[in-house]
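A quick write-up on the structure given underneath.
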Amino acid sequence: MHKHSHFMAHSSNVNCIRFGRKSGQVAVSGGDDTNVNLWRIRENETKNIMSLAGHSSPVECVVFDPSEKKVVAGSKSGAIKAYDMEAAKVFRTLKGHMSNCTAIDYHLYGDYVASGALDTNVKIWDLKAKNCVQTFKGHHSEVTCVSFTPDGRWLTSGGVDGSIKIWDLTAGKLLKEFNDHNGAIVCLEFNPEEFILLSASTDKTIRFWDIQDMQLLGLTPTDNAVTTSISHTVSEPYSGKFALCSSQDAIKVWSYDQAVQCHDTLPWNRDSISSERLGDTLVTDNLQLFGASFSNAFVSIWRVDLTQLQPFAPPKQQPTRPSPPLVTSNALASSGISRGNSKPSTPSQPPSHYLPPRGSSPVVHPSTATQMGPDTIKRFSVDDSASQGSSVDDTPPPPAGPAVQPGKPDDTPLGTVDCVKELRCGMEVCVRTFRARQKCLNQFMTYWDKGDIHGGFRYLGQLPSGGNRESISNDVLGAMDLPTIGLDLEGCVLVLPLASELVATTSNSYIATGVAVAKVLVTSFGPLVRDHRASRKNSREVNFASEDRAARCDVCFREFVEMQKHVQRVLDNAGSSSGVSAGIMREVQAFQALLTEYCCWVAP
Numbered sequence: 001m002h003k004h005s006h007f008m009a010h011s012s013n014v015n016c017i018r019f020g021r022k023s024g025q026v027a028v029s030g031g032d033d034t035n036v037n038l039w040r041i042r043e044n045e046t047k048n049i050m051s052l053a054g055h056s057s058p059v060e061c062v063v064f065d066p067s068e069k070k071v072v073a074g075s076k077s078g079a080i081k082a083y084d085m086e087a088a089k090v091f092r093t094l095k096g097h098m099s100n101c102t103a104i105d106y107h108l109y110g111d112y113v114a115s116g117a118l119d120t121n122v123k124i125w126d127l128k129a130k131n132c133v134q135t136f137k138g139h140h141s142e143v144t145c146v147s148f149t150p151d152g153r154w155l156t157s158g159g160v161d162g163s164i165k166i167w168d169l170t171a172g173k174l175l176k177e178f179n180d181h182n183g184a185i186v187c188l189e190f191n192p193e194e195f196i197l198l199s200a201s202t203d204k205t206i207r208f209w210d211i212q213d214m215q216l217l218g219l220t221p222t223d224n225a226v227t228t229s230i231s232h233t234v235s236e237p238y239s240g241k242f243a244l245c246s247s248q249d250a251i252k253v254w255s256y257d258q259a260v261q262c263h264d265t266l267p268w269n270r271d272s273i274s275s276e277r278l279g280d281t282l283v284t285d286n287l288q289l290f291g292a293s294f295s296n297a298f299v300s301i302w303r304v305d306l307t308q309l310q311p312f313a314p315p316k317q318q319p320t321r322p323s324p325p326l327v328t329s330n331a332l333a334s335s336g337i338s339r340g341n342s343k344p345s346t347p348s349q350p351p352s353h354y355l356p357p358r359g360s361s362p363v364v365h366p367s368t369a370t371q372m373g374p375d376t377i378k379r380f381s382v383d384d385s386a387s388q389g390s391s392v393d394d395t396p397p398p399p400a401g402p403a404v405q406p407g408k409p410d411d412t413p414l415g416t417v418d419c420v421k422e423l424r425c426g427m428e429v430c431v432r433t434f435r436a437r438q439k440c441l442n443q444f445m446t447y448w449d450k451g452d453i454h455g456g457f458r459y460l461g462q463l464p465s466g467g468n469r470e471s472i473s474n475d476v477l478g479a480m481d482l483p484t485i486g487l488d489l490e491g492c493v494l495v496l497p498l499a500s501e502l503v504a505t506t507s508n509s510y511i512a513t514g515v516a517v518a519k520v521l522v523t524s525f526g527p528l529v530r531d532h533r534a535s536r537k538n539s540r541e542v543n544f545a546s547e548d549r550a551a552r553c554d555v556c557f558r559e560f561v562e563m564q565k566h567v568q569r570v571l572d573n574a575g576s577s578s579g580v581s582a583g584i585m586r587e588v589q590a591f592q593a594l595l596t597e598y599c600c601w602v603a604p
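Structure below.
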């Protein structure tokens, strides 16, 4: 386990923390100080993005929406507040629970939120309608977990009494209740590929439920500690096939396709985790398990490389004895043996380094199966005796060609160096371009890794134009999700010229990136620019504190006007042979209508 970062997250006790599932690079925490804090998780550090106020009592539970543009938080008073991250303010306050809001989840396909509370009720909230659309009653004790099914039709909830209930959102009724657990439900997690629910309880077991057939598939043996967080692998070829179950004692890798099996166990370092409470875990696409734990006012972010655990790690090779070197093709030629059309002699016994042909079935020895305890499975290993003698490159031999005469070398030998030189002939310009672009991206990343967003965009603006700046800007902006980086007005001033420059090009991909970025900026900052300019025209007061903001708004307005000119040029060239594609043209037309709301430039 690698300790990623350790930091003070709140001015008093931390109560909850959740990762953003979309990017895996943001987290949100709530504490007794009534604040909701957002965090950016970088390579080796975690930085605060913003602190959101609004609650009047300690925050008990938090969750991101699927796009990571909103955060919903429940408090000890029972009130629920929804925050808009772009505006950095509360946009909905939901009241209905009579006591602590203890669990919360966000619908995958709509602006609906599910909440559970100490008052034993489960509620469904419509953020657009600003009210509660459904209240489910049936739990006889505190609700500890709520989770929507992957298709969004049903809701599952767990309680302190160990019951799990499945609710039909459309019909508004209870579909099924499971009472197999003997302790409070602490975690509910759905498989991302199937309708299989995993539940963890204080009875120290994990149970696997088939939600379609409404039946129990299996359960784990009683563990030494309570599993408090479950995450599934999400990248191929492992997507949905393995569950990473974390407790105060260890992390275990489970599968349940054919039978419930534990593949590996990673014990905790007791000194680093014993006093902390595990909050949330997340598996990334590159098989990294991130976790967040907290104690008092501090949060620890840690990372586990799953490629070091089974079944993701390559099989361990047993030590082998050295073997004689293999006979190469050159040695064969010099010794008078032909690799041409003549058939090689078949040895009476295969050599020690003999490899079976590609595509053949491996030999399995049942005798290698071993029983390794209650949490392990019988494992069968592939026959490695063929490779025990030496390490052999299994690259297939070159195709057979004309026989080489003994003692007579080839008249026109072509070495590897000659082949490389021939392939690189005429590619010097491409190589220089790639290296220059790589150098610029590396320089940009030095700013980004330090959290200096403005410095990174300022560096892009200082690059020479005429191809290099446009290409780097397209690479960076095309791969960036602007709403999640906490861009402010100064950042808008720095990014707008880059987007405008991309729209002014003739490249389809550049125009598409420029329009997409500019649309986000105009939508986010257009109302601010328009209202600020209007207030200055109607007011004669002198306010030195707002002069800096006024200057930035003026720059943004000029860029809006310049952008409108470029958009008009793209529309004028729609009928030419170099015009943009129909799909991009629709985006440009929609963006032009948006621009018209915030600037009054008229085409000459």
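The sequence shown begins at 1 in the UniProt record's numbering and counts up by one.
Built from N, CA and C at the ideal position, the CB exists for glycine as well.
Short of 7 angstroms in beta carbon distance, which residues of its chain neighbour residue i, apart from the five on each side in sequence? Order them along the chain.
{"i": "R533", "result": "C553, F557"}
{"i": "E559", "result": "L496, P497, S500"}
{"i": "C555", "result": "One point to set straight first is that residue 555 is Val, not Cys, in the sequence displayed. The answer, listed in chain order, is V493."}
Tell me which residues share the same chain as residue i and place their Cβ nearer than 6 angstroms to its Cβ, disregarding the 5 neighbours each side in the sequence.
{"i": "A504", "result": "H566"}
{"i": "Q134", "result": "I124, G172"}
{"i": "A114", "result": "D105, I124, V146, L155"}
{"i": "R530", "result": "Y598"}
{"i": "D481", "result": "none"}
{"i": "D223", "result": "K204"}
{"i": "P396", "result": "With a pLDDT of only 47 at P396, under the threshold of 50, the placement of this residue in the model should not be trusted; the figure read from the coordinates follows. Closer than 6 angstroms at Cβ, skipping near neighbours: no residue."}
{"i": "D33", "result": "H10, S11, S12"}
{"i": "Q25", "result": "I41"}
At the level of alpha carbons, what is the spacing between residue i and residue j?
{"i": "D210", "j": "H181", "result": "16 angstroms"}
{"i": "M214", "j": "F208", "result": "11 angstroms"}
{"i": "T596", "j": "V515", "result": "14 angstroms"}
{"i": "V522", "j": "R458", "result": "19 angstroms"}
{"i": "Q589", "j": "G162", "result": "56 angstroms"}
{"i": "residue 609", "j": "F294", "result": "Here the chain comprises residues numbered 1 to 604, so residue 609 is not present and cannot be evaluated."}
{"i": "N442", "j": "E86", "result": "28 angstroms"}
{"i": "A243", "j": "G78", "result": "32 angstroms"}
{"i": "T205", "j": "L309", "result": "22 angstroms"}
{"i": "E490", "j": "W448", "result": "16 angstroms"}
{"i": "V493", "j": "R549", "result": "11 angstroms"}
{"i": "L306", "j": "Y112", "result": "34 angstroms"}
{"i": "T506", "j": "V520", "result": "21 angstroms"}
{"i": "A53", "j": "S255", "result": "42 angstroms"}
Please tell me whether residue i has its Cβ less than 8 angstroms away from any Cβ of chain C.
{"i": "K519", "result": "In the structure shown, chain C does not exist; there is a single protein chain."}
Tell me the residue span of the beta strand (DSSP E) that contains residue i.
{"i": "M50", "result": "46 to 52"}
{"i": "E177", "result": "173 to 178"}
{"i": "I230", "result": "227 to 232"}
{"i": "M8", "result": "2 to 8"}
{"i": "E60", "result": "59 to 64"}
{"i": "A499", "result": "Per DSSP, A499 belongs to no beta strand (DSSP E); it is in the alpha helix (DSSP H), 489 to 503."}
Determine the closest residue to residue i out of the options, with distance taken between C-alpha atoms.
{"i": "residue 607", "options": "D280, S147, L108, F91", "result": "Residue 607 cannot be examined here, being either before or after the span of the chain that is shown, 1 to 604."}
{"i": "S201", "options": "T227, L217, G54", "result": "T227"}
{"i": "K176", "options": "P150, L155, E189", "result": "L155"}
{"i": "Q288", "options": "A297, L278, W302", "result": "W302"}
{"i": "R569", "options": "G526, I511, V520, K519", "result": "I511"}
{"i": "M8", "options": "G116, W39, F434", "result": "W39"}
{"i": "G279", "options": "Q462, N474, Q592, V63", "result": "V63"}
{"i": "C187", "options": "S67, G526, T102", "result": "T102"}
{"i": "F190", "options": "V160, L174, T149, N179", "result": "T149"}
{"i": "G218", "options": "F525, V561, L198", "result": "L198"}
{"i": "S57", "options": "S67, T265, T46, G30", "result": "G30"}
{"i": "Y83", "options": "K69, G96, S75", "result": "K69"}
{"i": "M585", "options": "A551, S509, L528", "result": "S509"}
{"i": "K3", "options": "N179, P527, F290", "result": "F290"}
{"i": "F434", "options": "N468, G461, S239", "result": "N468"}
May I ask you to list the residues that DSSP assigns as paired with residue i?
{"i": "Y256", "result": "DSSP lists no partner for Y256."}
{"i": "K81", "result": "A73, T93"}
{"i": "N131", "result": "D126"}
{"i": "W448", "result": "Its beta-bridge partners do not exist; DSSP assigns none."}
{"i": "residue 641", "result": "Past the edges of the chain, shown from 1 to 604, lies residue 641, and the structure says nothing about it."}
{"i": "L118", "result": "DSSP output for L118 lists no bridge partner at all."}
{"i": "C430", "result": "None; C430 has no bridge partner."}
Mind checking which residues open and close the alpha helix (DSSP H) that includes residue i?
{"i": "H566", "result": "547 to 572"}
{"i": "I453", "result": "453 to 462"}
{"i": "F591", "result": "582 to 596"}
{"i": "D105", "result": "Here D105 belongs to no alpha helix (DSSP H); instead the beta strand (DSSP E) covers 101 to 106."}
Who are the Cβ neighbours of residue i in its own chain at under 8 angstroms, not counting the five residues just before and after it?
{"i": "G110", "result": "G152"}
{"i": "D475", "result": "R437, L441"}
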